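First the structure, in the form of structure tokens, and then the observations on it.
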Amino acid sequence: MAHNELILTDVTKRFGGLTAVDALSFKVSAGQIYGIIGPNGAGKTTVFNCITGIYKSEQGSVKWRGEEIRGLTPYQIVDRGIVRTFQTIRLFSQMSVAENVMSGRHIKSKQKLWHGIVHSPWSKRDELANWHKVEEQLDFFNLSEFAAIPTGSLPYGIQRRVEMARAMAVDPTLLILDEPAAGLNDKETMELLQTIFKIRDKGVTVLLIEHDMDMVMEVTDYLTVINFGKKIAEGTPEAIQKDPAVIEAYLGSEDDDDE
Amino acid sequence: MKTIQRFAYPIFFAVMAILPHVLDSRWQAVAITFLIFAVVALSQDIILGKSGMFNMGQALFFGLGAYTTAILNNEYGWSIIATIPLAILIPAVCGVLLAGPIVHLRGDYLLVTTIGFNIVFVQVVQNNLGGITGGPNGIFGLDSLSFYGIDLTSQVSVYYFAFAVLLLTLGIMRNLAGSKAGRAMHYLREDQLAAESIGINTRIYKIFAFALGAGIAGLAGTVFAVQYSAVSPEAFDFIQSVLFFSIVIVGGSSVPGVLIGVFVMFVLPEIFREFATWRFFIFGFAMIAAMILRPRGIIPATFGKIPKFLIKENNHGA
Chain A
88 MAHNELILTD VTKRFGGLTA VDALSFKVSA GQIYGIIGPN GAGKTTVFNC ITGIYKSEQG
148 SVKWRGEEIR GLTPYQIVDR GIVRTFQTIR LFSQMSVAEN VMSGRHIKSK QKLWHGIVHS
208 PWSKRDELAN WHKVEEQLDF FNLSEFAAIP TGSLPYGIQR RVEMARAMAV DPTLLILDEP
268 AAGLNDKETM ELLQTIFKIR DKGVTVLLIE HDMDMVMEVT DYLTVINFGK KIAEGTPEAI
328 QKDPAVIEAY LGSEDDDDE
Chain B
14 MKTIQRFAYP IFFAVMAILP HVLDSRWQAV AITFLIFAVV ALSQDIILGK SGMFNMGQAL
74 FFGLGAYTTA ILNNEYGWSI IATIPLAILI PAVCGVLLAG PIVHLRGDYL LVTTIGFNIV
134 FVQVVQNNLG GITGGPNGIF GLDSLSFYGI DLTSQVSVYY FAFAVLLLTL GIMRNLAGSK
194 AGRAMHYLRE DQLAAESIGI NTRIYKIFAF ALGAGIAGLA GTVFAVQYSA VSPEAFDFIQ
254 SVLFFSIVIV GGSSVPGVLI GVFVMFVLPE IFREFATWRF FIFGFAMIAA MILRPRGIIP
314 ATFGKIPKFL IKENNHGA
């Protein structure tokens, strides 16, 4: 089996006449914290949607462990160890924190459909084992005290943690975070950094989109910068900060009324 | 709420268990009707309440079960008990076949499609397709319930048959709530994209919900056929589906809510028979008021239980 590498080659996604992602290529190696940055509307989230099967790119290839995953459905991609969070948090808001995290165990649980009608001693053990896995994630993300509370009534920062706990409950190989720091205050962002490092230390590769430049520079090992769907630079955070094309397209645009 | 439920369920079951012995035959019939429609409404709850699919054709599956029993008994001479497996299986398979091509449709489109199925079904049985459905009059003169030669003709035995079916349904719903399949339904109801993105093949679980709901409704159909010794098309009309749909929405997709809904829709009209036409006028307003005052239903849905060991620190939590 090939390494846990994600390789995008010439991925192109169009919406009508608009080319949201234009011949984008990059490679995420095992164990990295890989960042994708770019101005608003640069096509970052579209790239994530192409990787996770929500969109199918018109051209190019998305290879994971040497296997072509372009065109697979989202749940098939989760089955291969790639899990994502959303920029706009998408939790099951009427359900409790524990139940939300339990959804991450769905794909690991071996229960059959008929266990929904009649339980067996084996299915009860399977159920309990998965709830214990949920307990581990709740401890890891410091969410134990909220276990029984519906997620819709929790503050934003905690909802973000629940979403990450849900993704981590899948035991992913590659975790994709779409703007994990959006809407967080400074303290929460610092905690998030620590959490991301801890996740990486568990052997999980992390791919993230972020707007918060300070955070990106601090947390990532390697960066790709895109604008208008095209890659304009890639490199280590130090190299990117000095890159004139990046400064012009991204950092320079902060002064403009860029949409 | 928890303590109310702890006492309410045993009391409810105890009352239901002795009920036929304190009622006269007219009210026994009403009680049987309550049990049958409660089962159908609960089966609708699996599809509409738990999985969030706007199914407006539940009477179709109810009718399929009733007609399966009636045809097998009347045409082929099967005993009523022997027809039960097929009365569950045929609606369930039809649920899979009908739901398969349509479950990807969004709420309102799905609703219109299921209405279409229901109307087609009623037309088919009314026009006596294949010469076995008895046309507009339906099929009558069915055998009464018998089990290994023991004749269970009395209304009381039909009542206990219906009660057993209700208990079975409640048991299945309880098992469903504590299983992977049942949770998957909740997840896809809450946010389909998030469910897919966390690894749930939503299509499978939507079709499963239809199959399970259809099978249970089919079994209720058998009880219905037994109670009246007859089946006829108008009992499975589209307007019946609307009632089951309303019961789940107004009741609120919880077992007590659905049972209250069935009571209000089918038992109260019997109690207030003197008011005749006025009763539907009042119930219409009651439904409107219920939805405005309690948009999530009289007793809103509570989702799956989480194990106690997870709630340990909740007392000083948020």
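First to last, the sequence lines map onto chains A and B.
Be aware that the first sequence starts at 88, since it is given in the working numbering, and climbs by one per residue.
Be aware that the second sequence starts at 14, since it is given in the working numbering, and climbs by one per residue.
Yeah, the Cβ is synthetic: ideal placement off N, Cα and C, and Gly gets one too.
Remember, predicted model here, so these are calculated numbers, not experimental data.
- The C-beta of D204(B) comes closer than 7 angstroms to at least one C-beta of chain A.
- Identification of residues in the region 93 to 117 of chain B having a C-beta nearer than 8 angstroms to some C-beta of chain A yields an empty set.
- A direct Cα-Cα distance of roughly 20 angstroms separates I138(A) from I319(A).
- Residue state for L165(B) is assigned as coil, using DSSP reduced to three classes.
- With contacts defined by Cβ atoms closer than 7 angstroms, Q224(A) and V188(A) form a contacting pair.
- Below 8 angstroms, too few C-beta pairs join the region 161 to 178 of chain B and the region 97 to 105 of chain B to call them touching: fewer than three.
- Within its own chain, the residues whose Cβ lies closer than 6 angstroms to the Cβ of T133(A), once the five positions on either side in sequence are excluded, are K100, A107 and V108, listed in chain order.
- For the region 281 to 296 of chain B, the set of positions with a beta-carbon nearer than 9 angstroms to some beta-carbon of chain A is empty.
- Minimum Cα-Cα distance from L95(A) among the listed residues V115(A), L105(A) and G103(A) corresponds to V115(A).
- Under the 10 Å beta carbon count, H199(B) is surrounded by 16 or more other beta carbons and is classified as buried.
- Using a Cβ-Cβ cut-off of 7 angstroms, Q198(A) counts as an interface residue toward chain B, since at least one Cβ of chain B sits closer than that to its own.
- Counting along the chain, T126(B) sits inside the alpha helix (DSSP H) bounded by residues G120 to Q139.
- N217(A) and Q198(A) have their C-alpha atoms some 11 angstroms from each other.
- Proximity of chain B to E154(A) at the Cβ level (cut-off 7 angstroms) is not reached, the minimal Cβ distance being about 17 angstroms.
- Of the candidates F223(B), S157(B), G191(B) and A303(B), the residue whose Cα lies closest to the Cα of G90(B) is S157(B).
- DSSP places R101(A) inside the beta strand (DSSP E), whose first and last residues are L93 to F102.
- What A194(B) touches in chain A, judged by beta-carbon distance under 9 angstroms, is Q198, K199, L200, W201, H202, G203 and I204, going in chain order.
- Runs of the alpha helix (DSSP H) lying entirely within the region 169 to 217 of chain A, each at least 4 residues long, are 184 to 190 in chain order.
- Annotation: the continuous alpha helix (DSSP H) that includes N136(A) extends over K131 to I138.
- Listed in chain order, the non-local C-beta contacts of I94(B) below 8 angstroms within the same chain comprise L158, S159 and F160, local neighbours out to five positions each way being set aside.
- In this structure, S266(B) lies near G62(B), with their beta-carbon atoms less than 7 angstroms apart.
- The Cβ-Cβ distance between T82(B) and T182(B) does not fall below 7 angstroms.
- Burial is judged here by how many other beta carbons sit within 10 angstroms of a residue's own beta carbon; G270(B) has at least 16 and is buried.
- With its beta carbon less than 7 angstroms from one in chain A, I213(B) belongs to the interface.
- With contacts defined as CB atoms closer than 7 angstroms, A79(B) and V244(B) qualify as a contacting pair.
- In the three-state reduction of the DSSP assignment, S144(A) falls in the coil class.
- V165(A) and I120(A) have their C-alpha atoms spaced approximately 19 angstroms apart.
- Within the region 192 to 257 of chain B, the alpha helix (DSSP H) runs of at least 4 residues that lie entirely inside it are, in chain order, 193 to 203, 205 to 210 and 215 to 241.
- Between I176(A) and I263(A), the alpha-carbon positions lie close to 13 angstroms from each other.
- Sequence-distant partners of V263(B) (beyond 5 residues in either direction) whose C-beta falls short of 7 angstroms from its own C-beta, in its chain, are G274, M300, A303, M304, G310 and I311.
- At a Cβ-Cβ threshold of 7 angstroms, G140(A) and P161(A) count as neighbours.
- For R212(A), no Cβ of chain B is located within less than 7 angstroms of the residue's own Cβ.
- For N214(B) and A332(A), the gap between their C-alpha atoms comes out near 43 angstroms.
- Following the DSSP letters along the chain, one finds N314(A) inside the beta strand (DSSP E) bounded by residues Y309 to N314.
- For R177(A), the chain B residues whose Cβ falls inside 8 angstroms of its Cβ are D204, L206, A207 and S210, in order along the chain.
- With a threshold of 7 angstroms between beta carbons, I60(B) makes no contact with chain A.
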